[in-house]
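Accompanying notes for the structure given below.
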Amino acid sequence: MIDNLVLPILAEYKPDLIINSAGQDNHYSDPLTRMNFTAQGYAKLNDKLNPHVAVLEGGYSIEGGLPYVNVGIILALAGLDYSHVVEPDYREERFRQPKEITEYIARLCEVIYTYWKERDRLKEEHYKGLDHFERTRRVYYDTDGILENQ
Numbered sequence: 015m016i017d018n019l020v021l022p023i024l025a026e027y028k029p030d031l032i033i034n035s036a037g038q039d040n041h042y043s044d045p046l047t048r049m050n051f052t053a054q055g056y057a058k059l060n061d062k063l064n065p066h067v068a069v070l071e072g073g074y075s076i077e078g079g080l081p082y083v084n085v086g087i088i089l090a091l092a093g094l095d096y097s098h099v100v101e102p103d104y105r106e107e108r109f110r111q112p113k114e115i116t117e118y119i120a121r122l123c124e125v126i127y128t129y130w131k132e133r134d135r136l137k138e139e140h141y142k143g144l145d146h147f148e149r150t151r152r153v154y155y156d157t158d159g160i161l162e163n164q
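Sequential numbering of the sequence shown, starting at 15, is according to this note's numbering.
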């Protein structure tokens, strides 16, 4: 996703500032998400993204994930070797992403990137003649069990 969607969009958009909102809820030891991200994954992401700033945010695996992830992010930001940053309980075979998921993400990235490339036409097509746009959405705050309509 980073190579096939985020980085090409950043290269085309050419932002003046890149901020990595480095939330860590998707670490493999986080009790909420179970998304299987590792300290190496976070460090590589940060290395590829090459942000000007990384903001360390949420994550609930205070002992199992955050210390390793934070060190990996900081080393990557500093341009230092992060290859030795590995969680003590990490076993690669436990966290290998299934091929079907990888393929699904690749297809999804293609669709989203097509939308990005067609954004001007789509904007004209969907919002022509409108002076404003409104949308409603539902937001679920999982820490408090609150569902709200905005």
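The beta carbon of each residue, even a glycine, is placed where N, CA and C say it ideally should be.
TODO: Put tyrosine 155 into one of helix, strand or coil per three-state DSSP.
DONE: Within the sequence shown, residue 155 is the residue found at index 141, counting from 1. Correct three-state label for tyrosine 155: strand.
- [ ] Please go through the same chain and pick out, in chain order, the residues whose beta-carbon is closer than 7 angstroms to the beta-carbon of alanine 68, but skip the five residues on each side of it.
- [x] Looking up residue 68 in the sequence shown gives position 54. Only Asn34, Ala36, Asn60, Ile87 and Leu91 meet the Cβ criterion.
Task: Minimum C-alpha distance to glycine 93 - residue among Ala57, Tyr42, Tyr74 and Tyr127 - done: Sequence index remark: in the sequence shown, residue 93 carries index 79 (1-based). Residue Ala57 is the option with its Cα nearest to glycine 93.
TODO: Would you mind reading off the limits of the beta strand (DSSP E) that contains glutamate 148?
DONE: As a first step, residue 148 is located in the sequence shown; it is residue number 134 there, counting from the start. Neither: glutamate 148 is in no beta strand (DSSP E) and is coded neither H nor E.
- [ ] Alpha carbon to alpha carbon, how far is lysine 131 from isoleucine 23? Give it in angstroms, no decimals.
- [x] By 1-based counting over the sequence shown, the position of residue 23 is 9. By 1-based counting over the sequence shown, the position of residue 131 is 117. C-alpha separation (whole angstroms): 9 angstroms.
Open item on the list: One question on the structure: do glycine 73 and aspartate 44 come within less than 7 angstroms of each other, judged by their Cβ atoms?
Closed with: The sequence position of residue 73 within the sequence shown is 59, counting from 1. The sequence position of residue 44 within the sequence shown is 30, counting from 1. Yes, these two residues count as a Cβ contact at 7 angstroms.
- [ ] Would you kindly check if the distance between the Cβ of serine 75 and the Cβ of histidine 98 is under 7 angstroms?
- [x] As a first step, residue 98 is located in the sequence shown; it is residue number 84 there, counting from the start. As a first step, residue 75 is located in the sequence shown; it is residue number 61 there, counting from the start. No, the pair does not count as a contact, with Cβ atoms beyond the cut-off.
Open item on the list: Pop quiz: glutamate 166 and tyrosine 82 are said to be a contact at Cβ under 8 angstroms. What is the actual Cβ separation, rounded to whole angstroms?
Closed with: This structure cannot speak to residue 166, because the chain is shown only from 15 to 164.
TODO: For tyrosine 96, count neighbouring C-beta atoms within 10 Å of its own C-beta (all shown protein chains included) and say buried if the count is 16 or more, exposed if not.
DONE: Position 82 of the sequence shown, counted from the first residue, corresponds to residue 96. Tyrosine 96 comes out buried.
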